[in-house]
Amino acid sequence: MTVETTLLNIFGSKELAVILIAALPIFELRGAIPIAIFTFGLDPLTTFILSVAGNMLPVIPLLLYLEPVSNFLRRWRAGDVFFTWLFNRTRHKHSAQFEKYGSIGLAIFVGIPLPATGAWTGCSAAFVFGFKSRNAFLAIFAGVILAGIIVTLLTIGSINIFR
């Protein structure tokens, strides 16, 4: 059984597979774009659009519910200790950059396709640094677009190199 067949059996269609893979943490569009182009043979424009759409699917729920979930988990000592540690550590290490660059910094953070960056992490950073949801959404969307362009171009470029 090939990778393509396995993914199609799980998701039902190539397009839905690309959207859902792009929505997953860790994979996001960084994984969805190469899979769409290399495995499914989708064209780059369709791949880009589906991947960006999929990557943005979890953003609104994350921006809306990270704070209530955090507040709920802080009711217990372990949750409070964890979130206090996480916020203090993150703010100590990165607050100067986020204060200096604000939404543009968030967009660049999300847009550079490296491990531990992306929409999911961008939502967490926006929450920790107190971004307003609208500003965070726009910055994350801009970052996802940037990451999508970079990954699509790298994927197309690697196809051309190996021809």
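In the working numbering, the protein residues as written are 337 to 499. Ideal Cβ placement from N, Cα and C applies to all residues, glycine included. Everything numeric in this text was worked out from a predicted model, so none of it was measured.
Pairing residue 381 with residue 484, the inter-Cα distance amounts to about 10 Å.
With 16 or more other CB atoms across the displayed protein chains lying within 10 angstroms of its CB, residue 366 is buried.
DSSP places residue 379 outside both helix and strand once states are collapsed to three, so it counts as coil.
In the pairwise beta carbon analysis, the segment 387-395 is classified as touching the segment 347-364: at least three pairs are separated by under 8 Å. Take residue 370, set aside five residues on each side of it, and the residues of its chain with a beta-carbon closer than 7 Å to its own are 491, in chain order. The beta strand (DSSP E) runs lying completely inside the segment 453-489 and spanning 3 residues or more number zero. A Cβ-Cβ distance of about 14 Å is found for the pair residue 349 and residue 368, leaving them out of contact under the 8 Å criterion. In the structure shown, residue 410 adopts coil according to DSSP, grouped into three states. Judged by DSSP secondary structure, residue 348 falls outside any alpha helix (DSSP H); it is assigned neither H nor E. Contact annotation: the segment 460-475 touches the segment 396-405, with at least three C-beta pairs closer than 8 Å.
With fewer than 16 other beta carbons inside 10 angstroms of its own, residue 403 counts as exposed. A distance below 7 Å separates the beta carbons of residue 486 and residue 449. Residue 453 places its beta carbon less than 7 Å from that of residue 445.
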